[in-house]
Structure formats: C-alpha cells, structure tokens
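Protein chains in written order, with the working numbering: chain A, 536 to 726; chain B, 536 to 726. Quick notes on the structure that follows.
Below, the structure written as structure tokens:
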C-alpha cells in the first residue's frame, strides 16, 4: 500500500519532470539549471539529484514521460491513433522536441544518444501499428517506419512555425488514408 | 556584359552567404554576428550591410540559397528527385534547418516568418512533383504536400541524430514507392 510519504515523493517527481519539460522547451537543456527547475516546480533544489541522479537523468525522465504520452495514444485501440498524435503536437510542451533536437545535433552533444533513443522508441512504438498490408511493394518495414515517424516530426515542425498554414486534422486524415488506403487498394477493397 | 567588378561583387556575396550558412548551422542565428561572418568569409565586415541590408536580409539570402539547392533536385527531370533530396540532407550545412527551426519556434522570434516562408516554398516546390494519381481517395493535395515535406524534414532529423539507424537510400525508395505505388495500384497497373 502506498503511504502518504510515497505519494508525496511521486508528486514531487511529477512536478519536477513537468517543470523541466517546460524549461527545456523554453530555453533548451544546456541553459537550464537545477535552480531554474526547482524554482518553477516549487520544490527544494536538493531533491533533484535524489530523484534523478544528474541532469541527464532528469532529461531521460522528461523524454520518457513525453514518449509515453505519444505512445499511449497509439496503444488505445478505441481512439484514432493519428488524431491523437496530431492532438499531441498541439500541446505547448511538445515544442520541447524541437528545442532539444537542435541541441542534440550539435557536435559532441551530451544529449545526442538520449535523443536518438527517443526516436528509436517512437519508431518501435509507431511501427507496431502499421497495418500488415500497408507496405508498398519492395518497401521494407524499417524504411517505412522512418518515413512515418518522420512525417509526424516534420508536420509538427511546419505547424509550430505556421499553425495557420497546416490543417492538422486534414493531415492526420491523409496519414491514415495513405496507410489504410494503400492496403485497401492492394486487397482489391477499393471504395 | 559582366565586368570584373560585377564578378568580384558576386563572389563576395557568395562567400558571405556560405559563411553565414555555416555559422547559423553551428551556433544559431541569434548568436552569430557580422564580425563572425566577415572573419569566416575573409571579407570586410562593412560590406555585409551593403549586400544584404541587415542580418535578416542575410538570413533570407541563406534560406533562398539552401531552398534553391533542394528544389533544383526536384526540377531536374533526369534525376530521381527523392534520391537528390536524400543526398541534400547528408550535407553538413543542412543542419542549418534544424538549428534555425529551434530559434524560429521561440516566442516572438524575429526569424519565424522567414522560416515559415521557407516551409511554404518547399511545399510549393515539392507539391508540384506529386504525380496526379498519387492522392489517396479523400485526401486533399494540400494535406498530402504537408505530409510529404514533413517526411523529408523528419527523416532528416532522425538521420542527423543517429545516421547509423536510418538508411537514407531505402527511405528515399520508400517515399518514391509510396507515391508512385499508390497511383500505379489505383490505375490497376499492379506489378
């Protein structure tokens, strides 16, 4: 049974992850200090190492948390996964992915491999939801998954720069139609 | 007839654009000064306003230059456009797009609208090369183009973070197969 103390510990952890996600999105990983994060979360700075070890541990927790939010949409069979992913990219905190990406591709970036694991987990999670018949002839599942995850990343980038130019709902529909349409057409199940 | 002076002017301009592209990719737009750019280009700093007006004018020239390099690949009918785009993302200077994107999505970014124009020009340029039959039933050309440009942006992001995990050649082939395959299948021209 969870004690009150366990609950408080979990709540502190949650607040620290949320504050770090906001700050990494706003000012990047490098420029964000434990002091900033503790202040935003309203929690003593000394507890951060206790929860996460170091700043990379905290980054890992933030990425895990965001990743789970994306993948949850894909694993809930009652919802349309593409609608949910397009809904996720609308969240202010999703900007985090763009800010951290720029730092991850810098020479000798300490966060590159952490970011690479995020992409790999996205490919793994989304790849499992590609319908069997959706692969065009001669196309491997791996390349197709890179393309699918790439489309989500790049649609997010375009929408974040110019939300008025990108109709996320229509794009989610296009992604769905492309995947399901290809398999339907191949099965002779044309509408 | 171009005089020697015209040629020297063009050459200076070219060197400044190339130096600015490198520096924007390495350290971002905000942190790059005219002094840095002049030093890298080996050209007097006083000539930058003469060529470009201000720093935003120089950014515009850099983005135009990079955009032309992408779209040239699409407009050369002898080459495979997807191979050429995948070749472009391999260039070190293509990192520029990721670095500037992160700055463009910051609150009150001075470069946001310039970056939005780049995306719009990419959609316009690449959109013209979508084969007529490639649109899945019920999918508009606009949403499909956002998806196509998004795939290129997002494949670039994944490759730049972890080149060993992304086979650019296979992904270019998947993109081609997806576009051409969908139209071939619809035409009953199945292999």
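Note that the Cβ used here is the ideal one computed from N, Cα and C, for glycine as well.
Do residue j and residue i count as a contact pair if the criterion is CB distance below 9 angstroms?
| i | j | result |
| --- | --- | --- |
| residue 713 of chain A | residue 687 of chain A | no |
| residue 633 of chain A | residue 700 of chain A | no |
| residue 575 of chain A | residue 554 of chain A | yes |
| residue 685 of chain B | residue 662 of chain A | no |
| residue 708 of chain B | residue 617 of chain B | yes |
| residue 654 of chain A | residue 591 of chain A | no |
| residue 689 of chain B | residue 622 of chain A | no |
| residue 593 of chain B | residue 583 of chain B | yes |
| residue 696 of chain B | residue 681 of chain A | no |
| residue 635 of chain B | residue 588 of chain B | no |
| residue 624 of chain B | residue 609 of chain B | no |
| residue 547 of chain A | residue 572 of chain A | no |
| residue 628 of chain B | residue 556 of chain B | yes |
| residue 710 of chain B | residue 666 of chain B | no |
| residue 544 of chain B | residue 558 of chain B | no |
Please classify residue i as buried or exposed, where buried requires at least 16 neighbouring CB atoms within 10 angstroms.
| i | result |
| --- | --- |
| residue 726 of chain B | Low local confidence applies: a pLDDT of 43 at residue 726 of chain B is under 50, so the model's placement there is unreliable, with the coordinate-based value given in what follows. That one is exposed. |
| residue 670 of chain A | buried |
| residue 585 of chain A | exposed |
| residue 542 of chain B | exposed |
| residue 570 of chain B | exposed |
| residue 551 of chain A | buried |
| residue 683 of chain B | buried |
| residue 723 of chain B | Because residue 723 of chain B sits at a pLDDT of 47, beneath the cut-off of 50, its placement in the model cannot be relied upon, and the following sentence gives the value as read from the coordinates. Looking at its Cβ environment, which holds fewer than 16 other Cβ atoms inside 10 Å, residue 723 of chain B is exposed. |
| residue 630 of chain A | buried |
| residue 703 of chain A | buried |
| residue 581 of chain A | exposed |
May I ask you to report which of helix, strand or coil DSSP gives residue i?
| i | result |
| --- | --- |
| residue 650 of chain A | helix |
| residue 702 of chain A | coil |
| residue 638 of chain A | helix |
| residue 618 of chain A | helix |
| residue 691 of chain A | helix |
| residue 538 of chain A | coil |
| residue 591 of chain A | helix |
| residue 644 of chain B | coil |
| residue 675 of chain A | coil |
| residue 680 of chain B | helix |
Q | Any 3 or more C-beta pairs closer than 8 angstroms across the stretch 580-598 of chain A and the stretch 596-606 of chain B | A | no
**Q.** Given 8 angstroms, three or more beta-carbon pairs between the stretch 637-646 of chain A and the stretch 659-678 of chain B
**A.** no
Q: Please name the residues in the stretch 632-656 of chain B whose beta-carbon is closer than 7 angstroms to at least one beta-carbon of chain D, in chain order.
A: Considering every chain present, this structure includes no chain D. Its protein chains are A and B.
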